[in-house]
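First residue of the sequence shown? That's 1 in the numbering used here, and the numbers climb one at a time after it.
These notes concern the structure reproduced below.
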Amino acid sequence: MPKNRPSQNKRNAKKYGKLHAERAKKEHEAAKKVVDDESLDFPTKIDHLAKVRRWFTADTTIIDKYMSDELSTAETVDILAKPVDEAYSSADFGRQWHKQEMVARGQRKFHSPEKALEMWGAEEDWPEPETEWDASQSTEMLLWDLWYSILHVAKRIPYTDEARHEKLVELVRAFKARPNPPPPAPMTIPLKREWIWESGKLWTDLTVLGISVAEVSNDSPGCGAGWLWPELRAWENVNAFMARLTASHLMTFQSLGLWALRDATENSPSPGYRRAHPPSDVDVLSHRVILASLWVTIAGDRVFAEYYPKIRDKRDIEVVDRILDLTDDKLPWTRSRKKYKGRARWETARREFVRRRFEVESHNESLPLEAREMASKAAKAMIPFVQFGENYHDR
1 MPKNRPSQNK RNAKKYGKLH AERAKKEHEA AKKVVDDESL DFPTKIDHLA
51 KVRRWFTADT TIIDKYMSDE LSTAETVDIL AKPVDEAYSS ADFGRQWHKQ
101 EMVARGQRKF HSPEKALEMW GAEEDWPEPE TEWDASQSTE MLLWDLWYSI
151 LHVAKRIPYT DEARHEKLVE LVRAFKARPN PPPPAPMTIP LKREWIWESG
201 KLWTDLTVLG ISVAEVSNDS PGCGAGWLWP ELRAWENVNA FMARLTASHL
251 MTFQSLGLWA LRDATENSPS PGYRRAHPPS DVDVLSHRVI LASLWVTIAG
301 DRVFAEYYPK IRDKRDIEVV DRILDLTDDK LPWTRSRKKY KGRARWETAR
351 REFVRRRFEV ESHNESLPLE AREMASKAAK AMIPFVQFGE NYHDR
C-alpha cells in the first residue's frame, strides 16, 4: 500500500462528497419551502419539517385531543397505556418467550452447565407463534411511539406557554403514577433478562422515555435539523419541556442542561455537522444562550446539583475576572482537572463563571433582544446557586 495513500475518510469525502452536498441542498430547499409557506401555522410547519428532516416522531392524534381538552388526562392515559399493558403482560403475545429462549440457547454454551443454569435457566421448548405479527404492536415499539409523540408535541408548544407545557408534564406524571402491568406468566429467566421486563416497573420507571430523548436529541440544529427559525424554536421548546420534567423529578435530563450551559458559556459557536447553509456565529450563540437560559430558569437547582462544585469562598469568585473571556481548551478546568482532581479554585469558580457569562451576553448588542432578556433572567436566577458551599474551609 502506498505510504501517501489518502485516508478512508478523505477517499469517502471525494467519492461521496458531491452526492451528500446535493442531498443536503435538496433537503434544505424543501425545508425552506415549508418555512416560507405563510399559509402554515407554527405547529404545522414543525410537522412538515419533521417529514423533510426525518425527525424521530410518531402519530400525535391522541395527544392532540388531550391538549385541546377533548380528552381528560385519565382518558388519554387509558387509551395509550392499555395496548402497552396488554403487550407487556402477554410477552408480546407469546413471541418473547420463544425469542428470549433462542437468545438463552445461544448464551448457555459459553458457560459451565452450572453457571448456564444459574444465569439462563433450564432449556425449555417455546414454539414460535404462527400468527401474523405486526412488530409495531410490540411493547417496545408502542413505548417508542408514545414518548416520540409526546416529545413531538412539546416541539410545537412555545416555551413561553407555561400552562400548556405544564399540561404535557401532567400527562407524563399520570403515566408514571399508573399501576405497573402484571408480569407475563410464566416469567421465565431468559424473559426476565430482557431489558423491557427486567425491572417490572414499566410505568414507574417511564421505560423508554430516557432513550427516546437521546434519539430526539439527534434532531437538534446542526445535527438532524438545520438552522431555520422554526427548527431552532422546536429545539428550544422541547428543551423547556425536558427541563420541566427534570425540575418535577419525573426524569433526570441534567446532562442536556449541562451541555446547553457549556455550549452557551464555555464553547465557541459551531454550526455542527450540517455545513450546508451554515448560520452566523451570532445566530448560533443566540440559540445557545436561549437554550441554556431555559435550563437555568426552569431547572437550575437540578442542573447544578452534582456536576458544578459549590463556591468555597470569595477567592473562587475573584478568579473569574482572570478567565471570563476564555473559551474552549483555554479554560483552566479543561487543563487542570486531572492535576487537581476537582479541588482547584478554577473548578469551584465555574458557577460564578457561568453567571458572569450570562451577564455579559445580556449586554451583548449583537444578540437579539429575546436572547439578551433570557440571559439577564438566567444571570439573576443563578444568584442563589453561587453561594458558599457547606463544610468547606479555607486551605
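Idealized CB from N, CA, C, for every residue including glycine.
None of the values given here were measured: they were computed from a predicted structure.
Ignore the nearest five residues each way along the sequence and tell me which others in residue i's own chain have a CB closer than 8 Å to its CB.
i	result
Met187	Trp197
Lys65	Leu71, Thr76
Arg53	Glu27, Ala31, Asp219, Gly224, Ala225, Gly226, Glu231
Thr252	Thr246, Arg302
Glu123	Glu101, Ala104, Arg105, Arg108
Glu166	Arg244
Ala87	Phe93, Gln137, Ser138, Thr139, Leu142
Please report the distance separating the alpha-carbon of residue i from that of residue j.
i	j	result
Gly342	Ala349	Legend: pLDDT at Gly342 = 48, less than 50; position of this residue unreliable, no value from coordinates given.
Met119	Ile189	8 Å
Ile383	Asp134	54 Å
Val289	Trp235	13 Å
Tyr340	Ile298	Interpretation of Tyr340 is limited by its pLDDT of 48, a score under 50 that renders its predicted location unreliable; the figure taken from the coordinates is listed afterwards. Answer to the nearest angstrom: the Cα atoms are 32 Å apart.
Asp321	Val386	15 Å
Ser89	Pro182	6 Å
Arg105	Arg95	16 Å
Asp205	Arg315	42 Å
Leu291	Thr131	48 Å
Pro396	Pro271	Outside the shown range of the chain (1 to 395) lies residue 396, about which nothing can therefore be said.
Glu22	Asn12	15 Å
Ser413	Pro278	One cannot answer for residue 413 here, as it falls past the ends of the chain, which runs 1 to 395.
Tell whether a beta-carbon distance below 8 Å holds between residue i and residue j.
i	j	result
Ser293	Ala177	no
Ile63	Ile150	yes
Val449	Trp147	Any property of residue 449 remains undetermined from this structure, which presents the chain solely from 1 to 395.
Leu191	Ala91	yes
Arg355	Phe304	no
Trp333	Glu318	no
Check the DSSP bridge columns for residue i and list the partner residues they point to.
i	result
Pro221	Ala225
Leaving out five residues before and five after residue i in sequence, what residues of the same chain have Cβ atoms less than 6 Å from its Cβ?
i	result
Phe353	Val320
Phe358	Ala375, Ala378, Ala379
Quick one: what's got a C-beta closer than 7 Å to residue i's C-beta in the same chain, skipping five residues either side?
i	result
Glu128	His98
Asn267	Thr327, Asp328
Ala243	Gly257, Leu294, Trp295, Ile298, Ala299
Thr60	Ser149, His152, Val153
Leu331	Glu266, Ile323
Are the C-beta of residue i and some C-beta of chain D separated by less than 8 Å?
i	result
Val320	Note that chain D does not occur in the displayed structure, where there is just one protein chain.
| task | Report yes or no: do three or more beta-carbon pairs, one from the stretch 197 to 213 and one from the stretch 241 to 257, lie closer than 8 Å? | result | Contact holds: three or more Cβ-Cβ distances are below 8 Å.
| said: Does the stretch 356 to 371 come into contact with the stretch 278 to 287, if we say contact requires no fewer than three beta-carbon pairs (one atom in each stretch) closer than 8 Å? | reply: With a cut-off of 8 Å, the stretch 278 to 287 and the stretch 356 to 371 count as touching, because enough Cβ pairs lie within range.
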